[in-house]
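Structure representation (structure tokens):
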């Protein structure tokens, strides 16, 4: 059982993102208007109410009251090659079609103060390998989602400088399954292990926006770390062997019955902080250029402690584990973008982003088989009236071949994805 928990429960939160449009664990799909420029100007642009996420300070640039709501659709593809492990299939394409919603409301309280609220998903994954997959002892099914509610205020110090801050209330839910080889415990075939857990935790986002000139803006946004204690249970079914060797104890037999049952489980995990900085340069009435960079402190995911209770003391050591050696590193991602206003009703956008993986071939897992990533985007905005606008964006991402070398399982992963985001904005 320790073998499974080390590779599954310990990565319950680290399973969050293998095929969305940001690397590591994050999701970028919180806005369609900035998606078209590969999010290059996210911290320095106030197109609509979705600016509440990109930079809380940007709300100070939004007149009146505004609502923005949208959906992102992600269709991912994974090709697995050169696989060797426990024997079985390697179909790939384990990420189903995904839909990611978001919505925001902002309002001007007076000339200085603005308030708003946003609902979005900063993390999320559903991956589903086929039954009999060769790497099934390391992960079979993963579903992890985080929903965030962010009430926010902003203050305009003057015409040049504004500040914004908002607490985040974050709800996380997860379910993971893997197979467990009964041969480890003196039996045959595979057992199934299912892990479920959830928690609610608080963080915050803060930002500052500077108008360096009439045509040049610079913004910085800080997304805080969030500390979770994930509580749930570990369910084992289909186990038909014995536990195997245990420490000598005259009061306990040399073998114990199969592991079928449910066990309380908890996991302490910290999702890392990040800093997003970007510039927006209006070179003319029609053309605007964007550049941005994001630093993420992925090195927080170095060691994860897993604890289970309600376990027979004779084999408690098989349940309480410490996951060593994730060895994730901090990353810097970069993006460039541009928008061009064709006429009062239409604007077109494009962008390019480079997003390195926080892990490498020695430490990559089947639940997080991400490689260094590049993304190209196209977008458009349509404004049929003074109060209504609609934004669209398309993104294509591809990754360098990523190797997984996890115990006995070895394979090459080639990942790519298509993403479409749509958003409606209304001013009143």
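In mature numbering (1 follows the signal peptide of the UniProt record, and there is no 0), the protein residues as written are -22 to -1, 1 to 406. All residues carry an ideal CB built from backbone N, CA and C; glycine is no exception.
DSSP three-state assignment for residue i, whether helix, strand or coil
{"i": "residue 277", "result": "helix"}
{"i": "residue 255", "result": "strand"}
{"i": "residue 118", "result": "coil"}
{"i": "residue 100", "result": "strand"}
{"i": "residue 110", "result": "coil"}
{"i": "residue 93", "result": "strand"}
{"i": "residue 342", "result": "coil"}
{"i": "residue 13", "result": "helix"}
{"i": "residue 35", "result": "helix"}
{"i": "residue 295", "result": "Low confidence applies here, because residue 295 scores a pLDDT of 48, under 50, leaving its location unreliable and the question unanswered by this model."}
{"i": "residue 70", "result": "coil"}
{"i": "residue 443", "result": "Lying before the first or after the last residue shown, residue 443 is absent from the chain, which here runs from -22 to 406."}
{"i": "residue 336", "result": "coil"}
{"i": "residue 8", "result": "coil"}
{"i": "residue -8", "result": "With a pLDDT of only 42 at residue -8, under 50, the local geometry of the prediction cannot be trusted, and the value read off the model is given with reservation. The answer is coil: DSSP assigns residue -8 none of H, G, I, E or B."}
{"i": "residue 185", "result": "strand"}
{"i": "residue 422", "result": "Within the shown structure, residues of the chain are numbered from -22 to 406, placing residue 422 beyond reach of any answer."}
{"i": "residue 137", "result": "coil"}
{"i": "residue 129", "result": "strand"}
{"i": "residue 245", "result": "strand"}
{"i": "residue 267", "result": "strand"}
{"i": "residue 47", "result": "strand"}
{"i": "residue 55", "result": "strand"}
Run of the beta strand (DSSP E) containing residue i, from where it starts to where it stops
{"i": "residue 373", "result": "366 to 377"}
{"i": "residue 381", "result": "380 to 384"}
{"i": "residue 401", "result": "387 to 405"}
{"i": "residue 79", "result": "76 to 86"}
{"i": "residue 351", "result": "351 to 360"}
{"i": "residue 348", "result": "From DSSP, residue 348 is part of no beta strand (DSSP E); its letter is neither H nor E."}
{"i": "residue 22", "result": "No beta strand (DSSP E) contains residue 22, which DSSP labels as neither H nor E."}
{"i": "residue 308", "result": "Here residue 308 belongs to no beta strand (DSSP E), and DSSP marks it neither H nor E."}
Integer Cβ distance of residue i from residue j, believed to fall under 8 Å
{"i": "residue 392", "j": "residue 106", "result": "Not confirmed; about 18 Å, so no contact."}
{"i": "residue 338", "j": "residue 378", "result": "Rounded, the Cβ-Cβ distance is 11 Å, inconsistent with contact."}
{"i": "residue 131", "j": "residue 184", "result": "Rounded, the Cβ-Cβ distance is 11 Å, inconsistent with contact."}
{"i": "residue 407", "j": "residue 256", "result": "Residue numbering for the chain in the displayed model covers -22 to 406; residue 407 lies beyond these limits and cannot be assessed."}
{"i": "residue 373", "j": "residue 361", "result": "In fact, because the Cβ distance is near 22 Å, the residues do not count as touching under 8 Å."}
{"i": "residue 108", "j": "residue 399", "result": "At roughly 29 Å, the Cβ-Cβ gap does not stay under 8 Å, so residue 108 and residue 399 are not in contact."}
{"i": "residue 347", "j": "residue 307", "result": "Residue 347 to residue 307, Cβ: 17 Å. No contact."}
{"i": "residue 45", "j": "residue 404", "result": "5 Å"}
Among the options, the one whose alpha carbon lies nearest that of residue i
{"i": "residue 359", "options": "371, 261 and 84", "result": "371"}
{"i": "residue 263", "options": "26, 388, 317 and 350", "result": "317"}
{"i": "residue 121", "options": "86, 160, 174 and 144", "result": "174"}
{"i": "residue 127", "options": "98, 104, 142 and 139", "result": "98"}
{"i": "residue 312", "options": "323, 322, 334 and 325", "result": "334"}
{"i": "residue 27", "options": "12, 18 and 179", "result": "12"}
{"i": "residue 259", "options": "69, 142, 196 and 129", "result": "196"}
{"i": "residue 146", "options": "198, 30, 134 and 191", "result": "30"}
{"i": "residue 328", "options": "14, 4, 114 and 65", "result": "14"}
{"i": "residue 157", "options": "405, 111, 261 and 400", "result": "111"}
{"i": "residue 267", "options": "9, 22 and 7", "result": "22"}
{"i": "residue 343", "options": "176, 68, 116 and 169", "result": "116"}
{"i": "residue 205", "options": "48, 247, 243 and 79", "result": "247"}
{"i": "residue 277", "options": "10, 210, 394 and 250", "result": "250"}
{"i": "residue 70", "options": "403, 192, 389 and 203", "result": "389"}
{"i": "residue 321", "options": "265, 285 and 375", "result": "265"}
{"i": "residue 52", "options": "78, 32 and 285", "result": "78"}
Identified DSSP bridge partners for residue i
{"i": "residue 158", "result": "169"}
{"i": "residue 203", "result": "Note: residue 203 sits in no beta bridge, so no partner."}
{"i": "residue 194", "result": "259"}
{"i": "residue 150", "result": "124 and 177"}
{"i": "residue 62", "result": "388"}
{"i": "residue 239", "result": "214"}
{"i": "residue 40", "result": "In the DSSP output, where bridge partners are listed per residue, residue 40 has none listed."}
N-terminal and C-terminal residue of the alpha helix (DSSP H) that residue i is part of
{"i": "residue 32", "result": "29 to 32"}
7 Å Cβ cutoff, residue i in contact with chain C
{"i": "residue 380", "result": "No chain C is part of this structure, which consists of one protein chain only."}
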